[in-house]
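Visitor:
Have a look at this one:
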């Protein structure tokens with residue numbers, strides 16, 4: 288297995304006042320405020336994930352999962368960091384995890400295929416001579 292290096296995108300911007308206010312509204316339970324954060328940042332997350340996977344459907348799935356994870360982890364978000372950087376890092380980590388999962392699944396499928404070949408090659412019952 289080769290190690291694949293993924294590009295790291297660092298957004299060098301301070302968290303704009305709009306994001307800071309919206310994050311605080313989200314922490315107060317405002318679902319519509321979180322929908323605004325999704326609207327603002329979903330394209331950036333999708334583009335990052337798509338560049339890593341090369342698969343539109345996987346990128347869409349991981350992007351959705353990214354924002355679900357971000358919503359659940361919002362209480363642990365540190366406001367001194369840009370929300371965009373934080374959510375991009377979640378997307379990148381979820382994508383890396385998906386690659387690891389694919390790799391494990393592939394190894395398991397290969398192992399099962401090998402076991403099936405052994406089963407087919409061996410006699411069903413031992414023969415008495």
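In this note's numbering, the protein residues as written are 288 to 416.
The C-beta atom is built at its ideal place from N, Cα and C for all residues, glycine as well.
Can the beta-carbon of residue 320 be found closer than 9 Å to that of residue 329?
Guide: Along the chain shown, one-based indexing puts residue 320 at 33. Along the chain shown, one-based indexing puts residue 329 at 42. Against a cut-off of 9 Å, the Cβ pair of residue 329 and residue 320 comes out as no contact.
Visitor: Tell me the rounded alpha-carbon separation between residue 374 and residue 383.
Guide: As a working mapping, residue 374 is identified with position 87 in the chain shown. As a working mapping, residue 383 is identified with position 96 in the chain shown. Between residue 374 and residue 383, the C-alpha separation is close to 14 Å.
Visitor: Can you tell me where the alpha helix (DSSP H) with residue 364 in it begins and where it stops?
Guide: Working through the chain shown from its first residue, we reach residue 364 at position 77. Neither: residue 364 is in no alpha helix (DSSP H) and is coded neither H nor E.
Visitor: Determine the direct distance from the alpha carbon of residue 379 to that of residue 336, and round the result to whole angstroms.
Guide: Position 49 of the chain shown holds residue 336. Position 92 of the chain shown holds residue 379. Whole-angstrom Cα-Cα distance: 7 Å.
Visitor: Less than 9 Å separating the beta-carbons of residue 361 and residue 314?
Guide: The residue labelled residue 361 in the question sits at position 74 within the chain shown. The residue labelled residue 314 in the question sits at position 27 within the chain shown. Yes; because the gap between Cβ atoms is below 9 Å, this pair is in contact.
Visitor: The alpha helix (DSSP H) spanning residue 334 covers which residue range?
Guide: Along the chain shown, read from residue 1 onward, the residue named residue 334 stands at position 47. Taken as a continuous stretch (DSSP letters only), the alpha helix (DSSP H) holding residue 334 covers 318-340.
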